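> Mapping to our numbering: the first sequence position 306 is 306, numbers consecutive.
Note that CB positions come from ideal geometry on N, CA and C, so glycine has one too.
Owing to the predicted nature of the structure, the values given are computational and were not obtained by experimental measurement.
Following this message is one structure expressed as structure tokens.
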Amino acid sequence: MLINAPRGTKDILPDQMSNWLAIENKMREVCARYGYDEIRTPIFEHTELFQRGIGEGPDVVDKEMNTFVDRGNRSITLRPENTASVIRAYLQNKLYSASTLVKLFYMGSMFRYDRPQAGRLREFHQFGVEALGEANPAVDAEVILLALELLREFGLEGLTLKLNTVGCPKCRPVYRQKLTHYFSDKLDELCGDCRRRYEKNPLRILDCKVDGGKEFVEDAPKIEDCLCDECRDHFKKVQALLKAAGVEYELDARLVRGLDYYTKTAFEIRCDDLGAQAAIAGGGRYDGLVEELGGISTPGIGFALGIERLLLALEKQGKLPTVERVIDGFVVSMGADSYAFELMLMLRRAGLTVLMDFAQRSMKAQMKQAAKSGARFALIVGENEVNERTVTLKNLSTSEQQSVAFNEVVEAMRR
RNA sequence: GCGGUUGUGGUGAAGCGGUUAACACUCCGGAUUGUGGCUCCGGCACGCAUGGGUUCGAUCCCCAUCAAUCGCCCCA
1 MLINAPRGTK DILPDQMSNW LAIENKMREV CARYGYDEIR TPIFEHTELF QRGIGEGPDV
61 VDKEMNTFVD RGNRSITLRP ENTASVIRAY LQNKLYSAST LVKLFYMGSM FRYDRPQAGR
121 LREFHQFGVE ALGEANPAVD AEVILLALEL LREFGLEGLT LKLNTVGCPK CRPVYRQKLT
181 HYFSDKLDEL CGDCRRRYEK NPLRILDCKV DGGKEFVEDA PKIEDCLCDE CRDHFKKVQA
241 LLKAAGVEYE LDARLVRGLD YYTKTAFEIR CDDLGAQAAI AGGGRYDGLV EELGGISTPG
301 IGFALGIERL LLALEKQGKL PTVERVIDGF VVSMGADSYA FELMLMLRRA GLTVLMDFAQ
361 RSMKAQMKQA AKSGARFALI VGENEVNERT VTLKNLSTSE QQSVAFNEVV EAMRR
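Next up, the structure:
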């Protein structure tokens with residue numbers, strides 16, 4: 001019996017690497033332009049980091065974490081997201097000492113134990129960005145712009161930016177209170193999920209697919225009526241900056257980011273082509289999180305983007321990027337393997353990409369391989385070439401062929 | 001975690017309760033001497049996700065498991 005990869009995990013095979021690399025390269029390139037530096041944190045952390053960082057409540061922590069006890073009897077969790085880890089690293093390594101605004105990005109595996117679907121895996125990959133130390137709404141705008149520009153550079157279409165503010169510790173409780181009060185005598189009219197949400201997070205009721213359209217839900221108190229001056233002003237400034245940048249967005253009072261740590265700005269980028277997993281990227285401000293994790297009060301904002309979802313969307317739109325791979329030569333050996341080896345070594349040392357078929361097959365078969373590999377040249381060696389210490393160099397696109405002295409092959413191939 | 005659909009070779013797929021499981025592509029080999037991309041010829045599932053059951057007999061029927069997928073939940 002073969003052993004398969006665990007449910008919800010996927011091999012990224014050689015023929016897909018080109019797409020992954022192209023995407024990762026673009027991410028690094030855009031981040032460099034925006035002044036974000038890469039960071040890599042461990043794939044597992046103390047379970048407590050996520051419990052404190054994300055908060056008890058969201059499914060991500062309650063039901064979806066891969067938690068285990070290690071041999072030293074510690075409770076360890078495979079990271080379900082990276083923000084808490086980045087902040088942990090920021091505090092632990094005192095990155096704040098370098099400058100007030102620390103801008104970081106990451107990419108890597110995240111783990112959530114959920115039922116797999118296309119665009120939703122148990123091990124999946126996120127690219128994300130965190131800007132720590134600055135409360136200025138301009139940073140909110142920069143982060144959103146970075147996400148949008150990145151996707152735009154991939155040529156992705158059918159994107160919608162949804163924007164909301166979820167208030168802060170001053171005004172959110174007021175709003176939540178109002179909502180709870182509002183729904184308290186309407187529980188019977190809500191679906192089962194919403195009755196659950198009523199306890200855990202009444203804001204959720206607003207974007208319920210079952211109840212969302214109901215009149216009394218539509219008429220529920222709006223957060224904008226409860227925002228404190230600071231949050232109201234912040235949100236206004238973020239919008240002004242986005243408008244100035246020519247960004248189109250939808251205000252969505254029902255957009256509730258799933259992780260409890262968000263404050264003020266919350267946003268999500270959706271792509272039409274992804275079915276139920278339409279959220280390709282999401283994020284927001286989390287001004288209380290650093291303090292929650294034991295640092296001094298430090299504002300922060302970030303977002304995460306699902307790389308598999310991006311790949312899926314790009315594939316659907318026929319826009320998968322690739323990285324070029326040039327094969328310079330393919331050595332065809334007619335029973336002259338040691339000479340062929342010498343040749344390959346020489347060429348590779350000169351920095352050329354050279355392949356050969358080791359199956360000792362007919363010349364015809366080897367030529368076929370050479371053509372299939374996409375190599376620019378076939379380098380044919382046999383008894384004659386060995387004796388003359390030459391190489392028969394055939395340009396596979398023009399079919400031109402010449403005999404070249406061993407020492408002059410590199411030069412001939414570079415012409 | 002809940003509900004639905006699906007599961008045939010490397011790939012896309014046809015198929016029927018009963019002798020050799022179509023077809024296409026890929027791949028491999030060949031069309032005489034050391035030359036590819038075109039053409040032609042030939043080869044490639046002892047097996048129809050796995051494990052049970054029904055049946056004289058199952059890839060086609062039933063059950064379970066596993067997996068994928070769609071929707072929900074949640075989220076990226």
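Figure out for me which residue from E230, A240, A340 has the closest Cα to the Cα of T392.
If you number the first sequence from 1, residue 392 lands on position 392. Minimum Cα distance to T392 is reached at A340.
> To the nearest angstrom, report how far apart C31 and D37 are at their CA atoms.
Taking the first sequence and counting its residues from 1, one reaches residue 31 at position 31. Taking the first sequence and counting its residues from 1, one reaches residue 37 at position 37. Each residue's alpha carbon lies about 7 Å from the other.
> Would you grab the beta carbon distance between E268 and A279 for me? Rounded to a whole angstrom, and I think it's under 8 Å.
Stepping through the first sequence from its first residue, residue 268 is reached at position 268. Stepping through the first sequence from its first residue, residue 279 is reached at position 279. At roughly 5 Å, the Cβ-Cβ gap stays under 8 Å, so E268 and A279 are in contact.
> Could you tell me which of L312, A370, Y175, H234 sits nearest to C226, measuring between CA atoms?
On the first sequence, position 226 is the one that residue 226 refers to. For C226, the nearest C-alpha among the options comes from Y175.
> For L311, which of helix, strand or coil comes out of DSSP?
To locate residue 311, count along the first sequence from 1; it is residue 311. Reduced to three states, the DSSP call for L311 is helix.
> DSSP state of Q239, grouped into three classes?
Taking the first sequence and counting its residues from 1, one reaches residue 239 at position 239. Reduced to three states, the DSSP call for Q239 is helix.
> What's the gap between the Cα of T165 and the Cα of N19?
If you number the first sequence from 1, residue 165 lands on position 165. If you number the first sequence from 1, residue 19 lands on position 19. Cα-Cα distance, rounded: 35 Å.
> Looking only at its own chain, which residues have a Cβ that is under 8 Å from the Cβ of E285, when we skip the five neighbours before and after it?
Here residue 285 refers to the residue found at position 285 when the first sequence is read from its first residue. Correcting the residue identity first, residue 285 is Arg in this sequence and not Glu. Excluding residues within five positions, the ones whose Cβ falls inside 8 Å are D140, Y262, T263, K264, T265, A266, P299, G300, I301.
> Rounding to the nearest angstrom, what Cα-Cα distance links V404 and A412 in this structure?
As a working note, residue 404 is residue 404 in the first sequence. As a working note, residue 412 is residue 412 in the first sequence. Each residue's alpha carbon lies about 8 Å from the other.
> Would the beta-carbon of G8 fall within 9 Å of that of E123?
In the first sequence, counting from the first residue as 1, residue 8 sits at position 8. In the first sequence, counting from the first residue as 1, residue 123 sits at position 123. Yes, these two residues count as a Cβ contact at 9 Å.
> In whole angstroms, give me the CA-to-CA distance for K103 and A304.
Within the first sequence, residue 103 is the residue found at index 103, counting from 1. Within the first sequence, residue 304 is the residue found at index 304, counting from 1. Cα-Cα distance, rounded: 14 Å.
> Which full runs of the beta strand (DSSP E) of 3+ residues lie inside the stretch 110-193, going along the chain?
If we require 3 residues or more, the beta strand (DSSP E) runs fully inside the stretch 110-193 come out as 123-132, 159-165.
> Kindly indicate which residue of I307, C168, G288, M367 has the alpha-carbon position closest to the one of G282.
If you number the first sequence from 1, residue 282 lands on position 282. Closest by alpha carbon: I307.
> Less than 7 Å between C-beta atoms, sequence neighbours within five positions excluded: which residues of the same chain meet that for L274?
Within the first sequence, the letter at position 274 stands for residue 274. Cβ neighbours of L274 beyond the five flanking positions: G119, I280, R309, L312, A313.
> Can you tell me whether P80 is buried or exposed, with buried defined as 16 or more other CB within 10 angstroms of its CB?
For the purposes of this step, residue 80 is taken as residue 80 along the first sequence, with counting starting at 1. With 16 or more Cβ atoms within 10 Å of its Cβ, P80 is classed as buried.
> Give the secondary structure of K264 by DSSP, where H, G and I count as helix, E and B as strand, and everything else as coil.
One-based indexing of the first sequence puts residue 264 at position 264. Strand, per DSSP.
> How long is the line joining the alpha carbons of I43 and P14, rounded to whole angstroms?
Your numbering for residue 43 matches position 43 in the first sequence. Your numbering for residue 14 matches position 14 in the first sequence. Taking the straight line from one Cα to the other gives about 23 Å.
> If you pair each beta-carbon of the stretch 190-200 with each one of the stretch 153-167, do three or more pairs fall below 8 Å?
Cβ pair count under 8 Å is below three, so no.
> Answer yes or no: do Y106 and E134 have a C-beta to C-beta separation smaller than 9 Å?
Position 106 of the first sequence, counted from the first residue, corresponds to residue 106. Position 134 of the first sequence, counted from the first residue, corresponds to residue 134. Not a contact, by the Cβ cut-off of 9 Å.
> If I measure Cβ to Cβ from K186 and keep anything under 8 Å in the same chain, skipping five residues before and after, which residues do I get?
Residue 186 sits at position 186 when you count from the first residue of the first sequence. Once the five neighbours on either side are set aside, the close Cβ partners of K186 are F216.
> Measuring only the C-alpha atoms, how far is R52 from P321?
In the first sequence, counting from the first residue as 1, residue 52 sits at position 52. In the first sequence, counting from the first residue as 1, residue 321 sits at position 321. Rounded to whole angstroms, R52 to P321 spans 38 Å at the Cα level.
> Once the 5 residues before and after M334 are set aside, which same chain residues still bring their CB inside 8 Å of it?
Locating residue 334 in the first sequence gives position 334, where the first residue counts as 1. Result list for M334: M363, I380, V381, G382, E383, in chain order.
> Report the option in D11, I12, I23 whose CA atom is closest to the CA atom of E324.
In the first sequence, the residue the question calls residue 324 occupies position 324. The candidate whose alpha carbon is nearest that of E324 is I23.
> Is it right to say A245 is buried, meaning 16 or more other beta carbons lie within 10 angstroms of its own, or is it exposed?
Taking the first residue of the first sequence as position 1, residue 245 is located at position 245. Classification of A245: exposed, given that the 10 Å Cβ count is below 16.
> Give me the residue from V354, Q402, T47, E153 with the minimum Cα distance to G374.
Taking the first residue of the first sequence as 1, we reach residue 374 at position 374. Closest option to G374, Cα to Cα, is V354.
> Note down the Cα distance separating Q126 from M27, rounded to an integer number of angstroms.
Residue numbering aside, residue 126 sits at position 126 when the first sequence is read from its first letter. Residue numbering aside, residue 27 sits at position 27 when the first sequence is read from its first letter. Straight-line Cα distance between these residues: approximately 11 Å.
> Should H234 go down as buried or exposed, given a rule of 16 or more other Cβ atoms within 10 Å for buried?
Residue mapping note: residue 234 aligns to position 234 of the first sequence, counting from 1. Buried, by the Cβ-count rule.
> Using a threshold of 9 Å, state whether the C-beta atoms of L161 and E248 are closer than that.
Here residue 161 refers to the residue found at position 161 of the first sequence. Here residue 248 refers to the residue found at position 248 of the first sequence. Yes.
> Terminal residues of the continuous beta strand (DSSP E) containing K364?
Along the first sequence, read from residue 1 onward, the residue named residue 364 stands at position 364. Run containing K364: none in the beta strand (DSSP E); it sits in the alpha helix (DSSP H), 363-373.
> In terms of residue numbering, what span does the beta strand (DSSP E) encompassing F50 cover?
In the first sequence, counting from the first residue as 1, residue 50 sits at position 50. First-last for F50: 47-54, but that is the alpha helix (DSSP H), not the beta strand (DSSP E).
> Taking only runs that begin and end inside the stretch 63-102, name each unbroken alpha helix (DSSP H) of 4 or more residues, in chain order.
The qualifying runs are 83-92.
> Can you give the beta carbon distance from R376 to L396, rounded, assuming they're within the 8 Å contact cut?
Here residue 376 refers to the residue found at position 376 of the first sequence. Here residue 396 refers to the residue found at position 396 of the first sequence. Contact holds; Cβ gap of about 6 Å.
> Does I280 come out as helix, strand or coil in the three-state DSSP assignment?
Walking along the first sequence from the start, residue 280 turns up at place 280. Strand.
> With distance defined between alpha-carbon atoms, name the residue in R115, A147, A253 nearest to P221.
Within the first sequence, the letter at position 221 stands for residue 221. Per the Cα distances, A253.
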